[in-house]
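Asks:
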Amino acid sequence: MITTGKAPVLAIDGPGGSGKGTVGQILAQRLGWHFLDSGALYRAVGVVAKRENISFDDPPALAHLATSMRIRFIPQTDGSAATVLLNGEDIGDLLRTEESGKLASIVAALPEVRRALLQKQHSFRQPPGLVADGRDMGSTVFPDAVLKVFLTATPEIRAQRRYKQLIDKGFDVNLPRLLDEIRERDARDAGRAVSPLKPAEDACILDTSQLDISGVVERVHDLLRERQRSG
Ligand code: C5P
7 MITTGKAPVL AIDGPGGSGK GTVGQILAQR LGWHFLDSGA LYRAVGVVAK RENISFDDPP
67 ALAHLATSMR IRFIPQTDGS AATVLLNGED IGDLLRTEES GKLASIVAAL PEVRRALLQK
127 QHSFRQPPGL VADGRDMGST VFPDAVLKVF LTATPEIRAQ RRYKQLIDKG FDVNLPRLLD
187 EIRERDARDA GRAVSPLKPA EDACILDTSQ LDISGVVERV HDLLRERQRS G
């Protein structure tokens, strides 16, 4: 794998349901850049740890799992979520459940796991560029990103978006419970000591509550073009 510190990075951070994943994938495709769904890495650690009975109270074992897993993303041409291969097994469906989001936010609070995933995330930075989505792409993983965007939306709107996404995928979900889970996960992500969910100081904050996906895509693309022209 060729690694370079020079490929430009577009960092898109924000809470679950803010639209960052969909917006990031569409922009990566439009720009012809690579795409990193960093949440999927944390979800994979959580899901596999549970499946392999690794204790959530054993940070070194979880960090070892994080470093040793071989994970590959195969982008979909229709903009839907990428296929995720873990050691060759398609684990995409396992990663999209609310439970995997909760497990992810538990392992994501451990500094050992975050450290272990750092190098993996850096390895996605390849020419001609990378769109990276997560919670700390701009603040910690790619502090030199050419543009840092932080997407927000109210918990109610994010819960409705998640509800629709999951129903469309055939999952059986309950809206009030989803809203509780989103609030619980926001609190855990914002309250943790390492890389808490908060915008990088130099991030552009965009409230997507009243915008549809194409509106957000155009806004972020305009910001990126402006930034590339000026820098
Ligand atoms: O983005 P997604 O909902 O897939 O992320 C799942 C969880 O993984 C988040 O709630 C957060 O706890 C964690 N995460 C993180 N840092 C990232 C991406 C995700 O802590 N860069």
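Note that my numbering has the sequence shown beginning at 7, numbered continuously upward.
Cβ coordinates follow ideal geometry from the N, Cα and C atoms, glycine included.
Which same chain residues, not among the five before or five after ARG231, have their C-beta less than 8 Å away from its C-beta?
Replies: Hits under 8 Å: none found.
Asks: What span of residues does the alpha helix (DSSP H) with LYS56 cover, start to end?
Replies: It spans 44-57 - the alpha helix (DSSP H) in which LYS56 sits, taken as one unbroken run.
Asks: Tell me the rounded alpha-carbon separation between ILE112 and ILE97.
Replies: So the alpha carbons of these two residues sit roughly 19 Å apart.
Asks: Please list the segments of the alpha helix (DSSP H) lying wholly inside the segment 120-202, counting only runs of 4 or more residues, in order along the chain.
Replies: Taking only runs of at least 4 residues, the alpha helix (DSSP H) segments lying wholly in the segment 120-202 are 161-174, 181-197.
Asks: Would you call the segment 85-95 in contact with the segment 115-133, where contact means no fewer than 3 C-beta pairs closer than 8 Å?
Replies: No contact exists between the segment 85-95 and the segment 115-133.
Asks: Assuming ARG121 and ALA69 make a contact with CB atoms under 8 Å, what is their CB distance in whole Å?
Replies: So it is a contact: roughly 7 Å between Cβ atoms.
Asks: Is SER145 near the ligand C5P, in the sense that its beta carbon is under 6 Å from a heavy atom of that ligand?
Replies: Outside the cutoff, so no.
Asks: Look up ILE247 in the DSSP assignment and say whether it is helix, strand or coil.
Replies: Because residue 247 is not part of the residues shown, which for the chain are 7 to 237, the question remains open.
Asks: Taking 6 Å as the limit between beta carbons, can you name the residues of its chain near ARG78, skipping five residues before and five after?
Replies: Hits under 6 Å: LEU91.
Asks: Output the boundary residues of the beta strand (DSSP E) element that contains ALA17.
Replies: 15-19 is the extent of the beta strand (DSSP E) around ALA17.
Asks: By DSSP, does ASP218 sit in helix, in strand, or in coil?
Replies: It is coil, neither helix nor strand.
Asks: What is the residue span of the beta strand (DSSP E) that ILE77 lies within?
Replies: Start and end: 77-80.
Asks: Per DSSP, what kind of secondary structure is GLY99 in: helix, strand or coil?
Replies: Note that residue 99 is Asp in the sequence shown here, rather than Gly. Here ASP99 sits in helix by DSSP.
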